[in-house]
Amino acid sequence: MMNPIKFVLLLIFFSFSSLCAQNCTLFSKYNKIQNFDYNLLYNQFQRVLDLENVKNISEIIPECIEKKDRFPNTINFIPNEPIILDMRNKIEFALLLNNDSISKIRLEKIEAFDINNSLFRSFDLFNWIEIEFYASKLKVINKNSDICEITTINNLFKKLSSILFSFSVKYSKRTCPLLFSFLDIKFLTFQGLSNTFTKKNILEFIENKNSTFFSVEALSLYIYRYTISKNLINMFNNSNLVIIGQIDIIENDTFFENNPASLEFQIDSILSLFQDGGKWLNAFNYFIEIKIQQDDKNYYFPNRDICFFRHFPINSSIFLTVSYDSLYPNCTCPMLVLFSPYFLNPPENSSSLWLTYNELLKIGCLNPTFINSCNLNEKLKKCGDFFSYYNDFNVIRVLEISMRIEFFDIILSEIISVLGVLFNFINILILCPEISPKKMTNDPVHLMNRLMFLNSLINLVYLLINTLHILNRCVQINGIFCSRFYQNYYAQYYDIFMVEFIGSILKMCSSLSLICISVTRFQILASNHLSKRNYLKPKIIIFIVLFSIILNLDKLFVININGIRYISGSEFAYEFPDKNTFLLNFQQSRIKYTSYHSIIFYALYISHEIIASSN
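Take the sequence shown: its letters are residues -21 to -1, 1 to 594, numbered as in mature numbering (1 follows the signal peptide of the UniProt record, and there is no 0).
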């Protein structure tokens, strides 16, 4: 008989082992990986630990990683429910990461940030650590209240290299700046700033006298139709500011209390910076280089646009740099205004500015005859109260219009689908007694009733599928409408197989059944009664179905599941799922389109588009 003490110890051992095994469930998938992918960009192995559907912080145990020499360099933290980063949720990420390489932590479903938390303060020994936030809210609290006051000297973000708030982060107009107390990092990025009908995601920081030291080497703002104001950038002084996207206007007092070390714009057109004639530039009373990269490659500062730059401070130390392509072929009067500091104080100590100066010399901007012919004072006086609103109908405008159309299309599509389901269901109830087998099968009226019943049935199924299509539709992330299941794999599969494939087949069958109904109606109305044909013969139905399947077969190959979970860079560069990959990118397709395969799928694609357009 077993000793009772040994039995108890054995029981405790098995219980502890079982508990450890249960607690290490989150790490089981990572521990099974034998070979990791090599990342050429970072020149290191990409070891990614996915902590998905975390229900309790206690489940994250560093000891669960079996091989200590294979610690991850990337952690994806996805809680089961949205959480608040406060003192209760203390996660030792530093103990889970490899500190000898470039390390990254991605977090989702963060409901709020408590300024008293010190979650990211234990990375002193790391060479490079990046923190990224997705599908979260930049809401700042102080011990479960909205009071923006310092209670303890703390810092949520310390010794970090980069912080990214992605396109899927929701911002607020009254954000407490104390979240970034004593911030000292290389890069800080805010993406998804927008102020349009389809997406209002505005970030502004409230003024706080207790604001502490902020040191950000480079601040990047990804914007879309957005107003740049002092409430957005004031707290980040002496930073290298990069603004990427489409600017509505820059307020006059934006830079009166903020002195960026440098300023860079990556925008659609330089004219969007001068909605007010350039008044915002009067705040710079020191030497500064402003780099401008514009998408409009065919803009050469024509003379008709001189009033856009009427308030540019000519006697200043503001040096603009643009693409050399914009400075050709000849110098123009607006160039004399915008690049006047180059002529008054040639930048001999800056190589990049000196190159721009030489380009201006080549195109004759210092030619006395040309300068006199411009008559700048007279031309600028004529501008008067010129309202220089830049409203070019370009790709960005088309994109904005398309998003509005998409929003109204979603609403109308749902209304039409619901009403269609109701009306077709009523049609089926009415036609059911009329298609009884007891009726004369050779009677054209009976045949038409059966065709109408079949058409209503097909439409009912199609509209039911289309009603649920809303699960996979999105105008803009964090915008006026975006399904929470938009990126979900099941929603993407539903879109591919049910909406695109089966839906297209049903739509084609519905159109063919309408043709049959029209022909049958003509037979009934014809006085001499043409030969009566039964369009519901099994062979005809099978042929129609097979024809529809073959014609829509390309949908299963040219539409791919988009497995990208974390979107950054460009908000409009991704769709879920990826559609028309056959025409857009041959490398992303599931099939290698070579020889006769290419011809087959191209023919199917063109045939489907022609028939779909004619329906």
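Even for Gly, the Cβ is constructed at its ideal location relative to N, Cα and C.
Let me know the alpha helix (DSSP H) ranges lying completely inside the segment 253 to 339, each 4 residues or longer, listed in chain order.
-> As far as the segment 253 to 339 is concerned, its whole alpha helix (DSSP H) runs of at least 4 residues are 312 to 317 and 319 to 323.
Closest by C-alpha distance to Gln254, when choosing among Asn282, Arg289 and Leu162 | Locating residue 254 in the sequence shown gives position 275, counting from the first residue. Ranking Asn282, Arg289 and Leu162 by CA distance to the CA of Gln254 puts Arg289 first.
Residues near Phe102 by beta carbon distance below 7 Å, same chain, minus five either side | Counting from 1 along the sequence shown, the entry for residue 102 is found at position 123. Counting only Cβ-Cβ distances below 7 Å, and skipping sequence neighbours, we find Ala73, Ile108, Lys138 and Leu139.
Taking the runs of the alpha helix (DSSP H) that are 4 residues or longer, which of them lie wholly in the segment 478 to 534?
-> Those alpha helix (DSSP H) runs which fall completely within the segment 478 to 534 and span 4+ residues are 482 to 504 and 517 to 530.
Span separating the alpha-carbon of Leu478 from that of Ala552 = Mapped onto the sequence shown, residue 478 falls at position 499. Mapped onto the sequence shown, residue 552 falls at position 573. A quick correction: the sequence has Val, not Leu, at residue 478. Spanning the alpha carbons of Val478 and Ala552 requires a straight line of approximately 22 Å.
Would you list the one or two residues that DSSP bridges to Ala552?
-> If you number the sequence shown from 1, residue 552 lands on position 573. None; Ala552 has no bridge partner.
Close Cβ partners of Thr53 (< 6 Å) along its chain, the five nearest in sequence each way excluded = In the sequence shown, residue 53 corresponds to position 74, counting from 1. Hits under 6 Å: Val27 and Lys83.
Whole runs of the alpha helix (DSSP H) within the segment 393 to 480, excluding any shorter than 4 residues | 423 to 446 and 468 to 472, all fully within the segment 393 to 480.
Tyr9 - containing alpha helix (DSSP H), residue span = Your numbering for residue 9 matches position 30 in the sequence shown. Its alpha helix (DSSP H) spans residues Ser7 to Lys11.
When burial is assigned at 16 or more other CB atoms within 10 Å of the CB, is Met427 buried or exposed?
-> Here residue 427 is taken as the residue at index 448 of the sequence shown, counted from 1. By the 10 Å Cβ count, Met427 comes out buried.
Starting from Thr206 and walking both ways along the alpha helix (DSSP H), at which residues does that stretch end?
-> Position 227 of the sequence shown, counted from the start, is the residue given in the question as residue 206. Note, Thr206: premise wrong, no alpha helix (DSSP H); beta strand (DSSP E) at Phe193 to Ile207.
Out of Lys360, Tyr473, Cys312 and Arg463, which has the shortest C-alpha to C-alpha gap to Asn539?
-> Along the sequence shown, one-based indexing puts residue 539 at 560. If we check each option's Cα against that of Asn539, Tyr473 comes out closest.
State the start and end residues of the unbroken alpha helix (DSSP H) segment that holds Ile39.
-> Locating residue 39 in the sequence shown gives position 60, where the first residue counts as 1. Per DSSP, Ile39 lies in no alpha helix (DSSP H) and is assigned neither H nor E.
Assigned exposure category for Leu504 - 16 Cβ within 10 Å defines buried | Working through the sequence shown from its first residue, we reach residue 504 at position 525. By the C-beta density criterion, Leu504 is exposed, having fewer than 16 other C-beta atoms within 10 angstroms.
Distance, Cα to Cα, Leu398 vs Phe99?
-> By one-based count along the sequence shown, residue 398 stands at place 419. By one-based count along the sequence shown, residue 99 stands at place 120. Each residue's CA atom was taken as its position, placing Leu398 and Phe99 some 53 Å apart.
Near Gly488, what residues of its chain come up, given a Cβ to Cβ distance below 8 Å and the 5 sequence neighbours on each side ignored?
-> Translated into positions along the sequence shown, residue 488 becomes position 509. The sequence given here places Cys at residue 488; Gly does not occur at that position. Spatial neighbours of Cys488 in its own chain (CB-CB distance under 8 Å, excluding positions within 5 residues in sequence) are listed in chain order as Ile437, Ile523, Val524 and Ser527.
Going straight from the alpha carbon of Ser381 to that of Thr348, what length do you get?
-> Stepping through the sequence shown from its first residue, residue 381 is reached at position 402. Stepping through the sequence shown from its first residue, residue 348 is reached at position 369. Between Ser381 and Thr348, the C-alpha separation is close to 48 Å.
Taking only beta-carbon atoms, is Ser302 less than 9 Å away from chain B?
-> Among the chains in the structure shown there is no chain B, since it carries only a single protein chain.
Would you mind giving the Cβ-Cβ distance between Ile229 and Ile207, rounded to the nearest angstrom? I have them listed as a contact below 8 Å.
-> One-based indexing of the sequence shown puts residue 229 at position 250. One-based indexing of the sequence shown puts residue 207 at position 228. Rounded, the Cβ-Cβ distance is 5 Å, consistent with contact.
Alpha-carbon spacing of Leu359 relative to Thr175, whole angstroms | Translated into the one-based positions of the sequence shown, residue 359 becomes position 380. Translated into the one-based positions of the sequence shown, residue 175 becomes position 196. Cα to Cα, Leu359 sits roughly 33 Å from Thr175.
Candidates Leu447, Leu485, Arg463 and Ile456: which alpha carbon is nearest Ser549's?
-> If you number the sequence shown from 1, residue 549 lands on position 570. Looking at the Cα atoms, Ile456 is the closest of the given residues.
What is the rounded straight-line gap between the Cα of Ile40 and the Cα of Ile459?
-> Position 61 of the sequence shown, counted from the start, is the residue given in the question as residue 40. Position 480 of the sequence shown, counted from the start, is the residue given in the question as residue 459. Taking the straight line from one Cα to the other gives about 40 Å.
In the structure shown, what three-state DSSP assignment does Leu359 receive?
-> Here residue 359 refers to the residue found at position 380 when the sequence shown is read from its first residue. Helix.
Can you tell me whether DSSP reads Glu379 as helix, strand or coil?
-> Counting from one through the sequence shown, the residue named residue 379 turns up at place 400. Helix, per DSSP.
Name, in chain order, the residues that DSSP records as bridge partners for Ser147.
-> Residue numbering aside, residue 147 sits at position 168 when the sequence shown is read from its first letter. According to the DSSP secondary-structure assignment, Ser147 is paired through a beta bridge with no residue.
Using the rule of at least 16 other Cβ atoms within 10 Å of the residue's Cβ for burial, across every protein chain shown, is Thr335 buried or exposed?
-> Residue mapping note: residue 335 aligns to position 356 of the sequence shown, counting from 1. Under this definition Thr335 is a buried residue.
In terms of alpha-carbon separation, which member of Ser194, Lys88 and Ile120 lies closest to Phe144?
-> In the sequence shown, counting from the first residue as 1, residue 144 sits at position 165. Selection Ser194, Lys88 and Ile120 evaluated against Phe144 yields Lys88 as nearest (Cα-Cα).
Please say whether Ile342 and Leu391 have beta carbons closer to each other than 9 Å?
-> Position 412 of the sequence shown holds residue 391. Position 363 of the sequence shown holds residue 342. For Leu391 and Ile342, no; Cβs fall outside 9 Å.
Is it right to say Ser396 is buried, meaning 16 or more other beta carbons lie within 10 angstroms of its own, or is it exposed?
-> Translated into the one-based positions of the sequence shown, residue 396 becomes position 417. Ser396 comes out buried.
Residue span of the alpha helix (DSSP H) that contains Asn351, given as start and end | Your numbering for residue 351 matches position 372 in the sequence shown. Asn351 -> alpha helix (DSSP H) spans Pro347 to Cys353.
Is there contact here, the segment 217 to 225 with the segment 234 to 246, by at least three beta-carbon pairs under 8 Å?
-> Flag = yes, the segment 217 to 225 and the segment 234 to 246 touch.
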